[in-house]
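K.L.:
Numbering follows my numbering, in which position 259 of the sequence shown is assigned residue number 677; successive positions increment by one, without gaps.
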Amino acid sequence: MVCQKCAQDPVYEIPKANIQYCKTCFSEYFEHKVWKTIREYGLIEKNDHIGVAVSGGKDSMTLLYLLANFAKERRDIKITAIAIDEGIEGYRNRTLDGLKKFCGKEKINLRIFSYQEEFGKPLDIMVKKYPKACSVCGVLRRYLLNTKAKQLGITKLATGHNLDDEAQSVLMNQFRNNPAVSSRLGPITGVVQDAKFVKRIKPLYFLSEKETSTYAFLRGFMDTYIECPYASDSYRAQVRDMLYEFEAKFPGTKKNIIQSFLEVLPVLKSKYKAEMRYCQTCGEPSQNEQCKACQFIQILTEK
Ligand code: SF4
Ligand SMILES: [Zn+2]
Ligand SMILES: [Zn+2]
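1) Looking only at its chain, what residues have a beta carbon closer than 8 Å to the beta carbon of K568, apart from the 5 residues adjacent to it on each side?
2) Write down the C-beta distance between Q586 and V470 rounded to the nearest angstrom, noting that I regard them as a contact closer than 8 Å.
3) Distance, Cα to Cα, Y483 vs H450?
4) How long is the line joining the alpha carbons of R559 and E458, rounded to whole angstroms?
5) Under 7 Å from any heavy atom of ligand 3, does the C-beta of T719 make it?
6) Cβ of Y548 within 8 Å of Cβ of V554?
7) G516 and G474: beta carbons closer than 8 Å?
8) So, does the segment 538 to 548 touch the segment 710 to 721, judging by three or more C-beta pairs under 8 Å?
9) Would you mind reading off the limits of the alpha helix (DSSP H) that contains D515?
10) Report the partner residues of A499 according to the DSSP bridge assignment.
11) Taking 7 Å as the line, does the beta carbon of T442 fall inside it for any heavy atom of ligand 2?
12) On a CA-only basis, which of Q705, T455 and G701 is nearest Y690? Give me that one, please.
13) What does the alpha-carbon distance come out to for the pair A551 and D427?
14) Taking 8 Å as the limit between beta carbons, can you name the residues of its chain near L625, skipping five residues before and five after?
15) Counting C-beta neighbours from all protein chains within 10 Å, is the total for G538 16 or more, i.e. buried, or is it exposed?
16) Are the segment 662 to 673 and the segment 707 to 716 in contact at 8 Å, needing three or more beta carbon pairs?
17) So is the beta-carbon of K423 under 7 Å away from any non-hydrogen atom of ligand 2?
18) Could you tell me how far apart the beta carbons of V588 and F531 are, in whole angstroms, since I believe they sit closer than 8 Å?
19) Is the beta carbon of K574 less than 8 Å from the beta carbon of D466?
20) I believe L563 touches I502 by the beta-carbon criterion, under 8 Å. Please report the beta-carbon distance rounded to the nearest angstrom.
21) Within the same chain, show all residues whose beta-carbon is closer than 7 Å to that of Y509, passing over the 5 residues directly before and after it, in chain order.
22) For the alpha helix (DSSP H) containing R559, name the first residue and the last one.
23) Pick helix, strand or coil for A576, following the three-state DSSP scheme.
24) Is A598 near ligand 3, going by C-beta to nearest heavy atom under 7 Å?
25) From this set, I468, M590, Y439 and M419, which residue's C-alpha is nearest L528's C-alpha?
26) Ligand 2 and G447: does any heavy atom of the ligand fall closer than 7 Å to the residue's C-beta?
27) Among V429, A435, P433 and K434, whose alpha-carbon lies nearest the alpha-carbon of F444?
28) DSSP three-state label for P597, please.
29) Starting from I437, follow its DSSP beta bridges and name the residues at the other end.
30) Verify whether the separation of the beta carbon atoms of L683 and G604 is less than 8 Å.
31) On the three-state DSSP scale, how would you describe P684?
32) Measuring alpha carbon to alpha carbon, tell me which of C521, E463 and C700 ends up nearest I500.
Here it is as C-alpha cells:
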C-alpha cells in the first residue's frame, strides 16, 4: 500500500474509500477540508477578530495552529487564544503549561480566565457540592467564554469541535428529547443574531476524531496528551463509546448522522427562532429568567 497521490509510505486510510495518504498528502487533505468548511459556511469574514477557545488538547491546538497560520496570510484577521482554567489539579495546569509555551513560540496573544478568580472556587471544590462535574463545568465555561470574548472585542469564537463531538451532541439531544438545543448546533452556532451573544464557529466540523488525532500527532500536539479525570463519568462519554462501537460495525455512521442532521437543521432553526431573552441576574442571553450559570453559581456559593 502506498499514498495514492505521491506513492510514499501511507500514514492514514480514508474509511470506506480505500484511499491512503502519506504524512504530507494527509496534512494537505486535512487542511483543505478545514478551509472548505470555512469558505462554504462563511465562518470567517473580513476584519474578524477570532477568539480561539483553547484547552491545550489536540483539537483546540490543531485549530489554533491552523487559524494562526491563516491570520499570517490575512492581515485583516486578528487571533486571540482564550483558555479557561477550571481548576482541575493535575490536568488543566499541565495542559495550560503546554499551551503557554506554544503561544509564546508562535507569538499568539493568550488570555487565561479561571473559575477561582471569576467564581471564587475551582471545579475540584465545586464538585464536592455538585458532583456532575461536566454539567457545571460546561455551563460555566460557555458563560465565561462569551462574557470574556465580548470584553475583548472578539467577533467570533472558534472551537475545536469535530465530527465526532457534533454527532455525539446530536444523539444526546435526541436521547434527551432536546430539539431546541440541537437547533443551536451546526458549523456556525446560534439561532438568532444578538449583540450579547458571540457567534461560535467550528472549522473542524467535518473532520473525524481519528483524522484530527492523526493531524495533531503529525504536528506533535499529542505529545502532552492527557485526559480530564472527570471525563469518563459523563453522559457524553457513554454516548461516545456507543458511537465508537457502532462506527466500527457500520463505518460511516457518524458522517451519516451529521449529514442527515444538516438536512433538518434549517427546519429546527426556524422552529426555535425564539426571541432572545436575558438573565435577570447577570444580563447575559438566556432562555429562562435566570441563566444556568447564575443558577449554578447560586447553588455552589451557598453556605
Ligand atoms: S471533561 Fe467535563 S469536567 Fe473535564 S474539562 Fe471537560 S467538561 Fe470539564
Ligand atoms: Zn503522498
Ligand atoms: Zn445569569
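In this text, a Cβ means the ideal position worked out from N, Cα and C, and glycines have one as well.
Computed from a prediction, not measured in an experiment: that's the story for all the values here.
P.N.:
Taking the geometry as given:
1) K614 and V616
2) About 21 Å; that fails the 8 Å criterion.
3) 14 Å
4) About 28 Å.
5) Flag unset: Cβ of T719 not near ligand 3.
6) yes
7) yes
8) yes
9) R510 to E524
10) DSSP lists V470 and L528 as partners of A499.
11) yes
12) Q705
13) The straight-line gap from Cα to Cα measures roughly 43 Å.
14) F448, K451, V452, N580, L581 and Y633
15) exposed
16) no
17) For ligand 2, a non-hydrogen atom lies closer than 7 Å to the CB of K423.
18) No, V588 and F531 are not in contact; Cβ-Cβ is about 29 Å, not under 8 Å.
19) For K574 and D466, yes; Cβs fall inside 8 Å.
20) 7 Å
21) I644, C646 and P647
22) A551 to Q569
23) strand
24) no
25) I468
26) Correcting the residue type first, residue 447 is Tyr in the shown sequence and not Gly. Every heavy atom of ligand 2 is 7 Å or more from the Cβ of Y447, so no.
27) V429
28) In the displayed model, P597 falls within a helix according to three-state DSSP.
29) I432
30) yes
31) Helix.
32) C521
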